[in-house]
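Have a look at the structure below, then the notes.
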Amino acid sequence: MFFTTIILAVREIRRHLLRSFLTTLGIVIGVAAVVTMVTLGQGATAAVAEQISSLGANILQIRPGQGFGRGGGGPQPPDFQMADVEAIQDQVAGVRAVAPQAQSSGLAVRNAANWSTTVNGTTSQFFTAQQWALSAGRIWNEAEEESGKAVCIIGSTVQRNLFRNDNPIGERFRIRDLSCEVIGTLAARGQGGFQDQDDVVIMPIKAVQRRFSGNRDIRFIMVAVDDAYDTTSVQSSIESLLRERRNIRPGQQDNFNIFDTRQISETLQGTTRILTMVMGAVAAVSLIVGGIGIMNIMLVSVTERTREIGIRLAIGAVAGEVLMQFLVEAVVLACLGGLIGLLLALVATFAIAPLIQVPFLFDPQINLIAFSVSALIGIVFGYFPARRAASLNPIDALRHE
Amino acid sequence: MANEPIISLRGVTKTYGSGATAFQALKGVDLDVAAGDFVAVMGPSGSGKSTAMNILGCLDVPTSGAFRFKGVPVDSLDRDQRALLRRRYLGFVFQGFNLLARTSALENVELPLLYRGEDKAARHAGGMAALEKVGLKDWWDHTPAELSGGQQQRVAIARAIVTNPDVLLADEPTGNLDSKTSVEIMELLTGLNRDSGITVLMVTHEPDMAEYARSIVHFRDGLVERIDSNGEVDA
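The listed protein sequences correspond, in order, to chains A and B.
275 is the number of the first residue of the first sequence in this note's numbering; add one for each residue after it.
610 is the number of the first residue of the second sequence in this note's numbering; add one for each residue after it.
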């Protein structure tokens with residue numbers, strides 16, 4: 275009987291194809307909006323998480339200034355020096371690797387090929403801290419690091435754009451005014467969140483400082499904490515060491531900050547999650563509007579089919595069966611709308627995700643939830659019209675013109 | 610069993626509305642219909658015959674008085690119980706045919722079986738058998754719009770008899786048909802009454818059609834005026 279009711283409902287929907295589609299359009303748009311928003315939002319959350327985790331596990335980042343920026347008014351807090359890096363290395367327990375970084379950017383040119391990229395000056399410890407292996411070649415040796423020799427290790431994106439299929443090891447290319455020799459290539463890491471991690475040229479920090487920055491300042495220190503040590507205690511050890519080295523009196527605020535990547539990750543993920551929920555909630559409103567659309571048309575349909583209802587009642591349909599018929603019709607309509615909406619969302623997220631550089635993540639859970647909600651809306655908004663149909667008096671209904 | 614009437618009305622009244630605007634459509638009707646009978650119900654508009662038919666068809670309940678169908682006191686049944694009674698024992702034929710539009714003849718005829726919970730094969734077999742009885746077996750896939758008035762009424766009759774009901778209620782079944790087709794429909798109804806033993810209750814305006822019945826009940830002013838047996842109709 276229930277299966278028959280569904281067949282009857284589908285038959286009725288097919289009989290009024292255009293009207294049925296317009297009726298359920300609200301659900302289509304609602305479901306598509308919710309699922310697209312949430313899926314993209316989850317992609318963004320994942321992207322943030324991945325970007326941060328790409329910095330490495332148990333990584334502390336030290337920057338001058340308070341918070342993420344360098345701060346507004348007041349004297350600029352001083353950058354770090356190589357001595358700070360060495361102090362952290364020598365005096366703090368539980369530090370696996372300390373990598374200072376001086377960043378710059380520039381156009382890399384080789385023959386006819388050129389590519390605008392990031393230059394990252396650091397020490398060989400960078401590769402340890404990041405646990406980033408080379409795909410070919412070698413890391414610079416101590417002498418090269420000490421003298422700031424113009425040698426570089428290139429990421430796979432730079433390699434692809436400058437060298438195509440040539441073997442880059444031993445080759446030279448120019449970046450800004452500096453001609454450097456490629457001694458190694460990095461293993462590809464892929465898209466790390468919002469940027470291409472492989473789009474990088476890594477050189478000894480002294481080379482970058484001398485040729486590009488023109489000073490010996492270090493803007494950024496990366497500390498990898500030994501797995502056996504607690505990140506928080508290592509963080510506070512570094513904090514007291516740097517306070518001492520930077521002559522900060524007790525009670526005075528730090529003029530540098532240490533971020534635990536996991537902390538940042540949690541904060542950012544929390545933010546994007548809230549954003550996702552807000553967007554999803556806004557989209558959910560359109561689902562309710564869609565439900566009202568279904569109720570509207572079902573009410574019209576009940577009036578239009580009063581005579582049919584009269585016939586059904588006269589030949590012995592009980593009120594519950596008529597109620598069921600209209601309810602099932604509304605639910606089938608809503609479910610069809612939901613399915614179309616899911617398909618639309620799939621296409622939309624697939625198309626939009628690369629545009630806003632967010633990974634495409636298919637989440638069966640949100641799809642299932644959105645579908646269930648559309649079915650629920652069919653039940654809720656279909657009930658009132660169905661109730662009205664079921665309570666018709668058969669004699670009046672039969673007389674209805 | 611043969612002696613107990615299938616339908617029995619005792620002092621049945623029906624009042625619509627209340628207070629000053631109340632209208633008493635039936636003022637105390639007594640009527641017995643024996644199983645297997647063919648009864649025509651006649652009377653001018655407002656005589657109460659339609660109200661009586663609605664009560665006999667278990668679509669409505671009397672305001673007072675007793676209505677027993679096969680010995681069951683219908684007046685004490687609720688809405689759904691009466692629906693189940695209609696589903697099991699009654700068939701309806703209307704003046705306006707009342708077929709579902711854009712639905713094939715077979716699907717229309719299968720409808721009562723659907724509500725009885727018959728499976729697809731049984732519905733198909735039953736529907737086709739009923740269509741064969743009314744001579745429309747070859748028209749099973751035609752929608753009402755593709756059928757003539759007489760054919761539509763035949764489909765409606767097939768729908769009414771598909772459940773092998775005890776009683777067939779026909780409300781002016783020939784009212785919308787020409788005289789030739791009317792005769793065909795009446796012959797079909799008499800045949801069903803004679804061959805299948807279905808009790809037929811038919812409202813009609815036309816004395817010619819009433820001639821086919823075994824007895825004629827005349828309604829006037831909410832009361833049964835008189836009952837004529839076949840062949841003794843006053844001009």
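Even for Gly, the Cβ is constructed at its ideal location relative to N, Cα and C.
Contact with chain A by residue i, beta-carbon distance below 8 Å
i	result
residue 669 of chain B	yes
residue 641 of chain B	no
residue 709 of chain B	yes
residue 830 of chain B	no
residue 842 of chain B	Any reading at residue 842 of chain B needs caution, since the residue's pLDDT is 43, under 50, leaving its predicted position unreliable; the model's value is listed next. Closer than 8 Å: no.
residue 724 of chain B	yes
residue 763 of chain B	no
residue 734 of chain B	no
Simplified DSSP state of residue i, which is helix, strand or coil
i	result
residue 624 of chain A	helix
residue 630 of chain A	coil
residue 603 of chain A	helix
residue 224 of chain A	In the structure as shown, chain A begins at 275 and stops at 675. Residue 224 of chain A is therefore absent and cannot be evaluated.
residue 658 of chain A	helix
residue 806 of chain B	coil
residue 814 of chain B	coil
residue 523 of chain A	coil
residue 665 of chain A	coil
residue 641 of chain A	helix
residue 335 of chain A	strand
residue 733 of chain B	helix
residue 308 of chain A	helix
residue 250 of chain A	Outside the shown range of chain A (275 to 675) lies residue 250 of chain A, about which nothing can therefore be said.
residue 748 of chain A	Because residue 748 of chain A is not part of the residues shown, which for chain A are 275 to 675, the question remains open.
residue 611 of chain A	helix
residue 377 of chain A	strand
residue 673 of chain A	helix
residue 689 of chain B	helix
residue 530 of chain A	strand
residue 302 of chain A	helix
residue 470 of chain A	strand
residue 502 of chain A	coil
residue 670 of chain B	coil
Chain B within 8 Å of residue i, Cβ atoms only
i	result
residue 324 of chain A	no
residue 661 of chain A	no
residue 595 of chain A	yes
residue 278 of chain A	yes
residue 576 of chain A	no
residue 554 of chain A	no
residue 628 of chain A	no
residue 677 of chain A	Missing from the structure shown is residue 677 of chain A; chain A here goes from 275 to 675 and no further.
residue 669 of chain A	yes
residue 585 of chain A	yes
Segment limits, beta strand (DSSP E) that includes residue i
i	result
residue 277 of chain A	Unbroken run through residue 277 of chain A is the alpha helix (DSSP H), 276-289; no beta strand (DSSP E).
residue 634 of chain B	632-642
residue 457 of chain A	452-460
residue 479 of chain A	Residue 479 of chain A -> not in any beta strand (DSSP E); alpha helix (DSSP H) instead, spanning 479-482.
residue 838 of chain B	832-838
residue 495 of chain A	494-499
residue 649 of chain B	647-651
residue 674 of chain B	673-678
residue 636 of chain A	Taken as a continuous stretch (DSSP letters only), residue 636 of chain A belongs to no beta strand (DSSP E), as it is neither H nor E.
residue 828 of chain B	824-829
Bounding residues of the alpha helix (DSSP H) (the contiguous stretch that carries residue i)
i	result
residue 563 of chain A	535-578
residue 360 of chain A	356-365
residue 619 of chain B	Segment 616-625 is the beta strand (DSSP E) holding residue 619 of chain B; no alpha helix (DSSP H) there.
residue 658 of chain B	658-665
Proximity test, Cβ basis, 8 Å: residue i and chain E
i	result
residue 632 of chain B	Chain labels in this structure do not include chain E; the protein chains are A and B.
### Message
Three Cβ pairs or more, each shorter than 8 Å: is that satisfied between the region 650-659 of chain A and the region 568-580 of chain A?
### Response
yes
#### Entry: 4 or more residues per run - each alpha helix (DSSP H) lying fully within the region 744-802 of chain B
758-770
### beta strand (DSSP E) runs wholly inside the region 383-449 of chain A, at least 3 long, in chain order
387-396, 408-411, 425-428, 446-449
#### Entry: Unbroken stretches of the alpha helix (DSSP H), 4 residues or longer, contained in the region 694-728 of chain B
714-724
### Query
Any chance the region 494-502 of chain A sits against the region 441-450 of chain A, with 3 or more Cβ pairs inside 8 Å?
no
### Task
Spell out a yes or no on whether the region 693-701 of chain B and the region 677-685 of chain B are touching, meaning 3 or more CB-CB pairs, one atom from each, closer than 8 Å.
Touching, yes.
### Query
Does the pairing of the region 697-712 of chain B with the region 627-639 of chain B give three or more beta-carbon distances under 8 Å?
no
### Query
Can at least three beta-carbon pairs, one atom from the region 544-557 of chain A and one from the region 307-326 of chain A, be found at a separation below 8 Å?
Segments in contact, yes.
### Query
Three or more beta-carbon pairs under 8 Å between the region 759-769 of chain B and the region 817-827 of chain B, yes or no?
no
### the region 720-732 of chain B contacting the region 801-814 of chain B, beta-carbon criterion three pairs below 8 Å
no
### Query
Counting Cβ pairs, one atom from each stretch, are 3 or more of them under 8 Å apart for the region 403-414 of chain A and the region 427-438 of chain A?
yes
### Task
Specify whether the region 613-631 of chain A and the region 591-604 of chain A touch according to this definition: at least 3 beta carbon pairs, one from each stretch, less than 8 Å apart.
no
### Message
With three or more beta-carbon pairs closer than 8 Å as the criterion, would you say the region 295-304 of chain A touches the region 498-509 of chain A?
### Response
Flag = no, the region 295-304 of chain A and the region 498-509 of chain A do not touch.
### Task
Count the C-beta pairs between the region 387-405 of chain A and the region 471-481 of chain A that are closer than 8 Å, then say yes if the count reaches three, no if not.
yes
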